[in-house]
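Peer 1: Start counting the sequence shown at 1; every next residue gets the next number (the UniProt record's numbering).
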Amino acid sequence: MAKVIMVQGTMSNSGKSFLVAGLCRMFKRMGFKVAPFKSQNMALNSFITEDGLEMGRAQVMQAEAAKIAPDACMNPILLKPTSNTGSQVILNGKVYANMSASDYYTNKKSFIPYVLDAYKKLDSKYDIIVIEGAGSPAEINLNENDIVNMGLAKLVDAPVLLVADIDRGGVFASVFGTVALLDSESQKRIKGIVINKFRGDKTLLTPGFDMLKEHFAKIGVKIPVVGVIPMTKIDIDDEDSLSSRLDTASTEFSNDKINIAVIRLPHISNFTDFNPLERRSEIVLKYITSPNEMADADLVILPGSKNTLYDLRWLKDKGFNRNNLINKNIIGICGGFQMLGNNLIDEAGVEEGGSETGLKLLNFSTVFAKKKTTRQTKTKIINLPDFIDNLSDTAITGYEIHMGSTIDADEKYFTISDISENGGFVNKNILGTYIHGIFENDKFVDCLISGLIKKTGKKISLNDNITDFESYKDSQYELLANLVEESLDIERIMNILNIEK
Numbered sequence: 001m002a003k004v005i006m007v008q009g010t011m012s013n014s015g016k017s018f019l020v021a022g023l024c025r026m027f028k029r030m031g032f033k034v035a036p037f038k039s040q041n042m043a044l045n046s047f048i049t050e051d052g053l054e055m056g057r058a059q060v061m062q063a064e065a066a067k068i069a070p071d072a073c074m075n076p077i078l079l080k081p082t083s084n085t086g087s088q089v090i091l092n093g094k095v096y097a098n099m100s101a102s103d104y105y106t107n108k109k110s111f112i113p114y115v116l117d118a119y120k121k122l123d124s125k126y127d128i129i130v131i132e133g134a135g136s137p138a139e140i141n142l143n144e145n146d147i148v149n150m151g152l153a154k155l156v157d158a159p160v161l162l163v164a165d166i167d168r169g170g171v172f173a174s175v176f177g178t179v180a181l182l183d184s185e186s187q188k189r190i191k192g193i194v195i196n197k198f199r200g201d202k203t204l205l206t207p208g209f210d211m212l213k214e215h216f217a218k219i220g221v222k223i224p225v226v227g228v229i230p231m232t233k234i235d236i237d238d239e240d241s242l243s244s245r246l247d248t249a250s251t252e253f254s255n256d257k258i259n260i261a262v263i264r265l266p267h268i269s270n271f272t273d274f275n276p277l278e279r280r281s282e283i284v285l286k287y288i289t290s291p292n293e294m295a296d297a298d299l300v301i302l303p304g305s306k307n308t309l310y311d312l313r314w315l316k317d318k319g320f321n322r323n324n325l326i327n328k329n330i331i332g333i334c335g336g337f338q339m340l341g342n343n344l345i346d347e348a349g350v351e352e353g354g355s356e357t358g359l360k361l362l363n364f365s366t367v368f369a370k371k372k373t374t375r376q377t378k379t380k381i382i383n384l385p386d387f388i389d390n391l392s393d394t395a396i397t398g399y400e401i402h403m404g405s406t407i408d409a410d411e412k413y414f415t416i417s418d419i420s421e422n423g424g425f426v427n428k429n430i431l432g433t434y435i436h437g438i439f440e441n442d443k444f445v446d447c448l449i450s451g452l453i454k455k456t457g458k459k460i461s462l463n464d465n466i467t468d469f470e471s472y473k474d475s476q477y478e479l480l481a482n483l484v485e486e487s488l489d490i491e492r493i494m495n496i497l498n499i500e501k
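Following this line, the structure appears as structure tokens:
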């Protein structure tokens, strides 16, 4: 049986995902076989495993930190919001149903056997399992049916670290309030408090820790602070749309850079596709919501969407249309690719239902179907738009996640492979593709940048010393593990796990 420790938070975006990743890499460096686990994840950023199963990107990131292959067992339930009140439920990597929030909540406990089965598969293979909670365990209106925070901790008998974000203020109130709202059994499970995103002199926190200890004593609780993690820039995939990556309103395009505008759709999915572009010194990447913001963009990207018809209508309402896009260099990915076509038809009611006229920038249409395409893919590029240089190595890898199929197509294919001839279409300055992860192919990004340099005539030198993306990611996990080791009381953490350091 594996040793287990769980990371819960006082709120969403407190740093649970990063702390789990840091612990995974730290334990891996100690010589342990370690795996992440999150029973229920609500996210629009997802990934396809080698066996064609879908899981949340946060657990993929954590698996990478642990230097193991992502496995859908690490995230047995993935909720992909389709509206403000409903989600597509992915169970064990496959589409289960579209459910309203109330229906899912009512039936949540019926998923416990699936959660425990997935956990047991990891339990049999690894030395340590690091579990991530969701939101806050003090959401007392939801605790009765909880299967992701204290409910799960009780099921697998996990000790808990509670992480709190000090950068947003009120950290002592959020820590004490969270603990005070829990039942006594849950309070006893919390073995340590972690303060995250601190700026300044840590000694200034000491009086607060002493007073927190006094307040805990009043409710019969004794929980130590086991670490303070400083605010540090580490470039690792973010979990979802709370990400600060999307807040680029103050970012300004530059005449000395390649300017890339990503349209921030209401249901944007897999914005992690663009993280590799952000690290390139030749690029300024900005998320936009109006046509005026793309005036100086050298490339416009339409990203994936979990509700393509809704987001297409939003796009039109905002003023994006064929006339102001047709002369732009454009890449559409997945849902964004489908928007580039003539018509989107949803007679099966997979999304909004009905149909919608596309942007008519590529000559094809999309019919939505209830069967979801989920697969990793390795393809050969056979045609490129005029803003991408020819590739000496034309093989690219990625993955597909979509519920639409192409009809009435009359365009040049972008790629071809053994499993799919429709990796997308190309027409002059327009590229549409179903392939997520395309920018993780370093040679492709090099040719994109050099092609845009030539087409725009900008005087920019291509950076020849860029570290390959896989090595770059690994270096970030090492920095994260260093940060965790330096910031936490590791001896106490190992004691919580009942492991001799």
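C-beta atoms are modelled at their ideal positions from N, C-alpha and C, and glycine is treated no differently.
Remember, predicted model here, so these are calculated numbers, not experimental data.
Kindly indicate the opening and closing residues of the beta strand (DSSP E) around arginine 168.
Peer 2: Careful: arginine 168 lies outside any beta strand (DSSP E) and carries neither H nor E.
Peer 1: Locate the beta strand (DSSP E) running through isoleucine 493, then write down its first and last residues.
Peer 2: Not the beta strand (DSSP E): isoleucine 493 falls in the alpha helix (DSSP H), residues 490-496.
Peer 1: Below 8 Å, how does it come out for the region 289-306 and the region 265-278: are there three or more Cβ pairs, yes or no?
Peer 2: Yes, they touch.
Peer 1: Measure the alpha-carbon distance for isoleucine 460 versus glutamate 282 and round it to whole angstroms.
Peer 2: Isoleucine 460 and glutamate 282: Cα-Cα distance of roughly 7 Å.
Peer 1: If you compare alpha carbons, which of Asn482, Ile496, Leu479, Lys473 is closest to residue 504?
Peer 2: Any question about residue 504 goes unanswered here, given that the chain covers just 1 to 501.
Peer 1: Whole angstroms are fine: how far does the CA of asparagine 498 sit from the CA of isoleucine 288?
Peer 2: Their backbone Cα atoms lie some 49 Å apart in a straight line.
Peer 1: From what residue to what residue does the alpha helix (DSSP H) around valine 484 run?
Peer 2: Unbroken alpha helix (DSSP H) run through valine 484: 469-487.
Peer 1: Please state whether DSSP places threonine 433 in a helix, a strand or coil.
Peer 2: Strand.
Peer 1: Starting from arginine 25 and walking both ways along the alpha helix (DSSP H), at which residues does that stretch end?
Peer 2: Note, arginine 25: alpha helix (DSSP H), 16-29.
Peer 1: Helix, strand or coil: how does DSSP classify lysine 213 here?
Peer 2: Here lysine 213 sits in helix by DSSP.
Peer 1: How many angstroms separate the CA atom of threonine 415 from the CA atom of lysine 286?
Peer 2: Rounded to whole angstroms, threonine 415 to lysine 286 spans 27 Å at the Cα level.
Peer 1: Near leucine 309, what residues of its chain come up, given a Cβ to Cβ distance below 7 Å and the 5 sequence neighbours on each side ignored?
Peer 2: For leucine 309, where only same-chain residues beyond five positions count, the Cβ hits under 7 Å are Leu344, Asp346, Glu351, Glu352, Glu356.
Peer 1: How about isoleucine 430 and leucine 384: are their beta carbons less than 8 Å apart?
Peer 2: No, Cβ-Cβ distance for isoleucine 430 and leucine 384 is not below 8 Å.
Peer 1: Please state the DSSP three-state secondary structure of tyrosine 96.
Peer 2: Three-state DSSP puts tyrosine 96 in a strand.
Peer 1: What's the gap between the Cα of lysine 202 and the Cα of asparagine 84?
Peer 2: C-alpha separation (whole angstroms): 40 Å.
Peer 1: Does DSSP put arginine 375 in a helix, in a strand, or in coil?
Peer 2: Three-state result, arginine 375: strand.
Peer 1: Along the chain, where does the beta strand (DSSP E) containing glutamate 54 start, and where does it finish?
Peer 2: Element bounds for glutamate 54: 54-56.
Peer 1: Here's the rule I'm using: 16 or more other beta-carbon atoms within 10 Å means buried, otherwise exposed. How should asparagine 45 be labelled?
Peer 2: Result: buried.
Peer 1: Taking 7 Å as the limit between beta carbons, can you name the residues of its chain near lysine 222, skipping five residues before and five after?
Peer 2: For lysine 222, where only same-chain residues beyond five positions count, the Cβ hits under 7 Å are Phe216.
Peer 1: So does the region 446-456 actually touch the region 395-403, counting three or more Cβ pairs closer than 8 Å?
Peer 2: At 8 Å Cβ cutoff, the stretches do not touch.
Peer 1: Under the assumption that methionine 231 contacts isoleucine 131 (Cβ atoms under 8 Å), give the Cβ distance between them as a whole number of angstroms.
Peer 2: Contact flag wrong, Cβ pair sits at about 25 Å.
Peer 1: Give me the DSSP bridge partner(s) of valine 7.
Peer 2: Bridge partners of valine 7: Glu132, Leu161.
Peer 1: List the endpoints of the continuous beta strand (DSSP E) containing methionine 403.
Peer 2: Here the beta strand (DSSP E) through methionine 403 covers 395-407.
Peer 1: Starting from isoleucine 453 and walking both ways along the alpha helix (DSSP H), at which residues does that stretch end?
Peer 2: Taken as a continuous stretch (DSSP letters only), the alpha helix (DSSP H) holding isoleucine 453 covers 442-456.
Peer 1: Can you tell me whether proline 81 is helix, strand or coil according to DSSP?
Peer 2: Residue state, collapsed to three classes: strand.
Peer 1: Here's the rule I'm using: 16 or more other beta-carbon atoms within 10 Å means buried, otherwise exposed. How should lysine 233 be labelled?
Peer 2: It is exposed - the Cβ of lysine 233 has fewer than 16 other Cβ atoms within 10 Å.
Peer 1: What span of residues does the beta strand (DSSP E) with glycine 86 cover, start to end?
Peer 2: Run containing glycine 86: 86-91, per the beta strand (DSSP E) assignment.
Peer 1: Give the secondary structure of leucine 302 by DSSP, where H, G and I count as helix, E and B as strand, and everything else as coil.
Peer 2: Correct three-state label for leucine 302: strand.
Peer 1: Quick one: give me the first and last residue of the alpha helix (DSSP H) that alanine 153 is part of.
Peer 2: Segment 150-156, the alpha helix (DSSP H) holding alanine 153.
Peer 1: Buried or exposed: which applies to aspartate 410, given that a residue is buried once 16 or more other Cβ atoms fall within 10 Å of its Cβ?
Peer 2: Exposed, because fewer than 16 other Cβ atoms sit within 10 Å of the Cβ of aspartate 410.
Peer 1: Whose CA, out of Asp442, Ser100, His267, Leu462, lies closest to the CA of leucine 391?
Peer 2: Comparing Cα positions, the closest option is Asp442.
Peer 1: Please tell me whether asparagine 145 and tyrosine 105 are closer than 8 Å, where the distance is taken between their beta carbons.
Peer 2: In this structure, tyrosine 105 lies closer than 8 Å to asparagine 145 by Cβ.
Peer 1: According to DSSP, simplified to helix, strand and coil, what is lysine 364?
Peer 2: Here residue 364 is phenylalanine; the residue named in the question, lysine, does not match the sequence. Residue state, collapsed to three classes: coil.
Peer 1: Taking all protein chains shown into account, decide if lysine 218 is buried (16 or more other Cβ within 10 angstroms of its Cβ) or exposed.
Peer 2: Exposed: under 16 other Cβ atoms inside 10 Å.
Peer 1: Could you tell me the alpha carbon to alpha carbon distance between phenylalanine 444 and leucine 480, rounded to whole angstroms?
Peer 2: Cα to Cα, phenylalanine 444 sits roughly 28 Å from leucine 480.
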